[in-house]
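Q: Right, I'll just put the structure down here and ask away after.
There are 2 protein chains.
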Amino acid sequence: MASSAIRIDGTAFAKSTREAVSEKIKSIQAKFPRFQPQLAVIQAGERPDSSTYIRMKSKASEEVGIKFQHITLPAEATVDEIVEKVKTLNDNENISGILVQLPLGPHITPDGERTVTESVSPHKDVDGFHAYNIGHLSSRACDPLFAACTPTAVMRLLESTGVPLAGANAVVLGRSDIVGNPVAAMLRHKDATVTQCHSRTKNLEQIVKGADVLVAAIGKAEFVKGSWIKPGAVVIDVGINYVPDETKKSGNRLVGDVEFEGAAAVASHITPVPGGVGPVTVAMLMENTLVSAERLFEQSRERKIK
Amino acid sequence: MASSAIRIDGTAFAKSTREAVSEKIKSIQAKFPRFQPQLAVIQAGERPDSSTYIRMKSKASEEVGIKFQHITLPAEATVDEIVEKVKTLNDNENISGILVQLPLGPHITPDGERTVTESVSPHKDVDGFHAYNIGHLSSRACDPLFAACTPTAVMRLLESTGVPLAGANAVVLGRSDIVGNPVAAMLRHKDATVTQCHSRTKNLEQIVKGADVLVAAIGKAEFVKGSWIKPGAVVIDVGINYVPDETKKSGNRLVGDVEFEGAAAVASHITPVPGGVGPVTVAMLMENTLVSAERLFEQSRERKIK
Ligand SMILES: NC(=O)C1=CN([C@@H]2O[C@H](COP(=O)(O)OP(=O)(O)OC[C@H]3O[C@@H](n4cnc5c(N)ncnc54)[C@H](OP(=O)(O)O)[C@@H]3O)[C@@H](O)[C@H]2O)C=CC1
Ligand SMILES: NC(=O)C1=CN([C@@H]2O[C@H](COP(=O)(O)OP(=O)(O)OC[C@H]3O[C@@H](n4cnc5c(N)ncnc54)[C@H](OP(=O)(O)O)[C@@H]3O)[C@@H](O)[C@H]2O)C=CC1
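Chain order of the listed sequences is A and B.
According to this note's numbering, the first sequence is numbered sequentially starting from 1.
According to this note's numbering, the second sequence is numbered sequentially starting from 1.
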């Protein structure tokens, strides 16, 4: 089967987004030398996957000219200790964005995690995880201070294809707060008719077969078969799954939630894994941090004028 | 065509809910005579429909033993004036719940309306309209301090049928913040597979035909035809529409968004209009106010013990 779909190049999209962010920062700094976006990331413990993600964020920040502050706390840090750190950052005028790298340690309950997430000022919540921002995103107006980075990346890549979303049948696989739910809200806001599926969904294959737009975010390697894809559909694969592969030095290989080859044979556009949503997610964090820095800078200037 | 569906009796459901609220209040007061739920409603101007709704809320409050405070402001009241009033109520320990009757006057922009809605403390937001509460409702955990009354009424009536929601194909018509969006989130939380439709949806009839559960909230008289209903489906009709009817003294008659007779012939359960969702909505407001009063009472006792 020949692949006929256009491969959506997330790596290139992310690069041009980072370049735009970088230029915008420089152009503001040319006028206001004091302007300096700064992102603070709190990490409790040293989970290797978290450390990898933080490294990616730090690298992207450096590239675009965002100052990066990596705050490490011991793995045993309590909710109160993390919240206290967050509050210091909320109050620090130089910090434009704050994120607490999740997951926290196993001693932190979901309620505790929520307390931490909501201790971040909604005005510095560049991850878009605060209930206040989720509420605005989920509302009809769909205009939070910040929208979460991965769903925003999904929408940007979708829009980059030029395929109309209004009236399209969109199917979202997954209902997490990080991906599935916000993507569903964003697609609804773009006038798609959204069907949201999850592990309790029956007749998933049938539903996927009706999708003009498919967003897969379930975390199951190549779960969606190529034969399920509607000819001409746009497929955004958010999944990040490692499968054993003896031909690789590491002994494994990264795949998405969709069978790439089979899907690419029928879809009109498809994101690869890796090189699809992943890099764009980090680029969206850069954008959010810049937007926040601009907003806070503007506010502080207004305060000074008054 | 004979009607075969079970008619879901919203009026009876509402009555028994009000009775339960009333008994709960009495039983708490037997132990703590100081306990007194109180609902404050702010009305700007004198729209007759708003006045009718407020009268219904006042009547229900009186019936269950909730003190009711109706605060009237002039139609021209500004956002700042309304917010100031709200803040006084936020700070008033005797007030358990606050609602601002919408819509406000035409001089108030959507942004202004939002400012008013969000000036209500999320802890007294018995309407469930604050972004913070919408955010928690829309999240996977789906546990706001308060959920909006109409969608909660929809879910209670659905659950009263005993029809399993997990894995059911649920179709929601409408995406307002008051009905469509929160109902979609609640159905998702109950493990239904939710498809949400709106005015830009194509092939609506086809989508409705696949619905095991249909919630119609579009505000178009008898828009959904009986022939669209899947045999055995549960139909919740939220619509409130007046159509001309010369046989009535008022010259018009109330109908829902669904053609009742045709739908009742094939559905397994259906809500009538009037007598379906409407009365239960007001009963849910009573429940929310009671829950709030209990929570605030508990907190004030804890503060006093400390
Ligand atoms: N590219 C990027 O930047 C990012 C990628 N990801 C990747 O996206 C994927 C999803 O992440 P996340 O949302 O956090 O994962 P979660 O585990 O939080 O959620 C997975 C969702 O998929 C649903 N699901 C699981 N199995 C099935 C099934 N067989 N059929 C239908 N639905 C199913 C679950 O349903 P239920 O709710 O019923 O349990 C759940 O809603 C992962 O691979 C993750 O690594 C995540 C974030 C960022
Ligand atoms: N029983 C009760 O207690 C309550 C009853 N209601 C009633 O419920 C109904 C809906 O109220 P509300 O949500 O506030 O109304 P809104 O007008 O805010 O929203 C109506 C929704 O229906 C959609 N819609 C309109 N026409 C069509 C169509 N032809 N096909 C598909 N979708 C369509 C709109 O789509 P789009 O977004 O594209 O414009 C919109 O999302 C009204 O009749 C209202 O009176 C409301 C609240 C409480």
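Positions of the beta carbon are idealized from the N, C-alpha and C atoms, including for glycine.
1) Mind checking which residues open and close the alpha helix (DSSP H) that includes arginine 156 (chain B)?
2) Between glutamate 294 (chain B) and the rest of its own chain, which residues show a CB-CB distance below 6 Å, the 5 nearest in sequence each way excluded?
3) Note down the Cα distance separating alanine 147 (chain A) from asparagine 133 (chain B), rounded to an integer number of angstroms.
4) Would you say valine 277 (chain A) touches ligand 1, meaning its beta carbon is less than 7 Å from a heavy atom?
5) Which residues does DSSP list as the beta-bridge partners of asparagine 252 (chain B)?
6) Have a look at B:Lys26, B:Arg303, B:Ile236 and flag the residue whose alpha-carbon is nearest the alpha-carbon of valine 208 (chain B).
7) If contact is defined by three or more beta carbon pairs under 8 Å, each pair taking one atom from either stretch, is the segment 282-293 of chain A in contact with the segment 242-258 of chain B?
8) Just checking valine 194 (chain B) against ligand 1 - is the residue's beta carbon closer than 7 Å to any of the ligand's heavy atoms?
9) Per DSSP, valine 280 (chain B) forms a beta bridge with which residues?
10) Going along the chain, which residues of the segment 286-302 of chain A sit with their C-beta nearer than 8 Å to a C-beta in chain B?
11) Just the C-alpha distance for lysine 307 (chain B) and alanine 263 (chain B), rounded to the nearest angstrom, thanks.
12) Over what stretch of residues does the alpha helix (DSSP H) that includes glutamine 29 (chain A) continue unbroken?
13) Is there at least one non-hydrogen atom of ligand 2 closer than 7 Å to the beta-carbon of histidine 189 (chain A)?
14) Going along chain A in order, which residues have a C-beta closer than 8 Å to the C-beta of aspartate 191 (chain B)?
15) Check alanine 267 (chain A) in the structure and name its three-state DSSP category.
16) Exposed or buried, which one is alanine 30 (chain A) when buried takes at least 16 other CB atoms within 10 Å?
17) Excluding the five sequence neighbours on either side, which residues of its own chain have a C-beta within less than 7 Å of the C-beta of threonine 150 (chain B), listed in chain order?
18) Judging by CA-CA distance, which residue of B:Asn92, B:Cys142, B:Ala77, B:Ile25 is the nearest neighbour of alanine 40 (chain B)?
19) Can you list, in chain order, the stretches of the beta strand (DSSP E) that have 3 or more residues and sit fully within the segment 34-107 of chain B?
20) Compute the distance between the beta-carbons of valine 215 (chain B) and valine 183 (chain B), then report whether it is under 8 Å.
21) For the beta strand (DSSP E) holding valine 224 (chain A), just list the boundary residues, first then last.
22) Which same chain residues, not among the five before or five after isoleucine 8 (chain B), have their C-beta less than 7 Å away from its C-beta?
23) Could you check if aspartate 245 (chain A) is buried or exposed, using at least 16 other CB atoms within 10 Å of its CB as the buried criterion?
24) Chain A partners of histidine 136 (chain B), CB-CB under 7 Å?
25) Anything in the segment 144-162 of chain B with a Cβ closer than 7 Å to a Cβ of chain A? List those residues in chain order, please.
26) What do you reckon, is the C-beta of serine 51 (chain A) under 7 Å from a heavy atom of ligand 1?
27) Under 8 Å Cβ to Cβ from isoleucine 54 (chain B), same chain only, skipping five residues before and after it: list those, please.
28) Take serine 119 (chain B) as the anchor and find which of B:Gly45, B:Lys202, B:His130, B:Pro110 has the nearest alpha-carbon.
29) On a CA-only basis, which of A:Gln36, A:Phe32, A:Phe35, A:Thr152 is nearest threonine 17 (chain A)? Give me that one, please.
30) From cysteine 142 (chain A) to threonine 247 (chain A), what does the alpha carbon distance come to, in whole angstroms?
31) If the cut-off is 9 Å on Cβ atoms, which residues from the segment 172-183 of chain B count as contacting chain A, listed in chain order?
32) Given a cut-off of 8 Å, decide if serine 138 (chain A) and glycine 210 (chain B) are closer than it, judged by their beta-carbon atoms.
33) Tell me the residue span of the beta strand (DSSP E) that contains aspartate 356 (chain B).
34) Can you look up isoleucine 218 (chain B) in the DSSP assignment and give me helix, strand or coil?
A: In terms of the structure at hand:
1) Boundaries of the alpha helix (DSSP H) harbouring arginine 156 (chain B): 149-160, taken from the DSSP string.
2) none
3) 17 Å
4) yes
5) B:Pro244
6) Measuring from the Cα of valine 208 (chain B), the nearest candidate turns out to be B:Ile236.
7) no
8) No - ligand 1 has no heavy atom lying nearer than 7 Å to the Cβ of valine 194 (chain B).
9) DSSP output for valine 280 (chain B) lists no bridge partner at all.
10) Legend: CB atoms of the segment 286-302 of chain A lying less than 8 Å from CB atoms of chain B are not found in any residue.
11) Because chain B is modelled from 1 through 306, residue 307 (chain B) falls outside the range shown and cannot be assessed.
12) 10-31
13) no
14) Under the 8 Å cutoff, chain A gives His198, Arg200.
15) coil
16) By the neighbour-count criterion, in which a residue is buried when 16 or more other Cβ atoms sit within 10 angstroms of its Cβ, alanine 30 (chain A) is exposed.
17) Ile178, Val179, Val238, Val277, Thr281
18) B:Asn92
19) 38-44, 67-73, 97-100
20) yes
21) Where valine 224 (chain A) is concerned, there is no enclosing beta strand (DSSP E), given that its DSSP letter is neither H nor E.
22) Leu157, Ser160, Thr161, His269, Ile270, Thr271, Gly276
23) Exposed.
24) Ala131
25) Within the segment 144-162 of chain B, no residue has a Cβ lying closer than 7 Å to any Cβ of chain A.
26) no
27) Excluding residues up to 5 positions away in sequence, Val41, Gln43, His70, Gln101 lie with their Cβ nearer than 8 Å to the Cβ of isoleucine 54 (chain B) in the same chain.
28) Nearest C-alpha to serine 119 (chain B): B:His130.
29) A:Thr152
30) 46 Å
31) Arg175, Ser176, Asp177, Gly180, Asn181, Pro182
32) For the 8 Å CB-CB criterion, glycine 210 (chain B) and serine 138 (chain A) do not form a contact.
33) For residue 356 (chain B) there is no data in the structure shown, the boundaries of chain B being 1 and 306.
34) coil
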